[in-house]
Amino acid sequence: SVQVQRVESKRYYLSGEVGKAGAFPLVRPLTVLEAITLAGGIREFGNGKKIVIMRGAERIKFNYNEVIKGKKLEQNILLQPGDHIY
51 SVQVQRVESK
61 RYYLSGEVGK
71 AGAFPLVRPL
81 TVLEAITLAG
91 GIREFGNGKK
101 IVIMRGAERI
111 KFNYNEVIKG
121 KKLEQNILLQ
131 PGDHIY
């Protein structure tokens, strides 16, 4: 018999000025803000106002500075497999 311990085929990607860039498993519903936090947050020279989520041909803007102040929370979307946050 075979037992699955972890499913890691679904991934999202984070690059740019974050604590830890790379590929991350998407094993539960995860928002953009949570993903950035799990990657160690935005580094000193990162621009929180100009974050982009690339989803296929679609480009979704995300303003970290607004979201952490509780403004325009609708941009804090759930990630989908293959999303790339830059």
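In terms of the working numbering, the sequence shown opens at residue 51 and continues consecutively.
The beta carbon of each residue, even a glycine, is placed where N, CA and C say it ideally should be.
Give the straight-line distance between the Cα atoms of residue i and residue j, rounded to the nearest whole angstrom.
i    : j    : result
A73  : M104 : 14 Å
I135 : S51  : 38 Å
L83  : A89  : 10 Å
L123 : L129 : 14 Å
Looking at the secondary structure, which residues open and close the beta strand (DSSP E) in which residue i lies?
i    : result
A73  : G72 to P75
S108 : Contrary to the premise, residue 108 reads as Glu rather than Ser in this sequence. Unbroken beta strand (DSSP E) run through E108: E108 to F112.
L123 : Where L123 is concerned, there is no enclosing beta strand (DSSP E), given that its DSSP letter is neither H nor E.
Y136 : Careful: Y136 lies outside any beta strand (DSSP E) and carries neither H nor E.
G64  : For the record, residue 64 in the displayed sequence is Leu; it is not Gly. That run of the beta strand (DSSP E) goes R61 to L64.
For my contact list, residue i and residue j are in at a C-beta cut-off of 8 Å; report their separation, rounded to the angstrom.
i    : j   : result
V68  : G91 : 7 Å
Y114 : I86 : 7 Å
Span of the alpha helix (DSSP H) holding residue i?
i   : result
V52 : Careful: V52 lies outside any alpha helix (DSSP H) and carries neither H nor E.
Enumerate, from N- to C-terminal direction, the unbroken beta strand (DSSP E) stretches of 3 or more residues contained entirely within the stretch 72 to 101. 72 to 75
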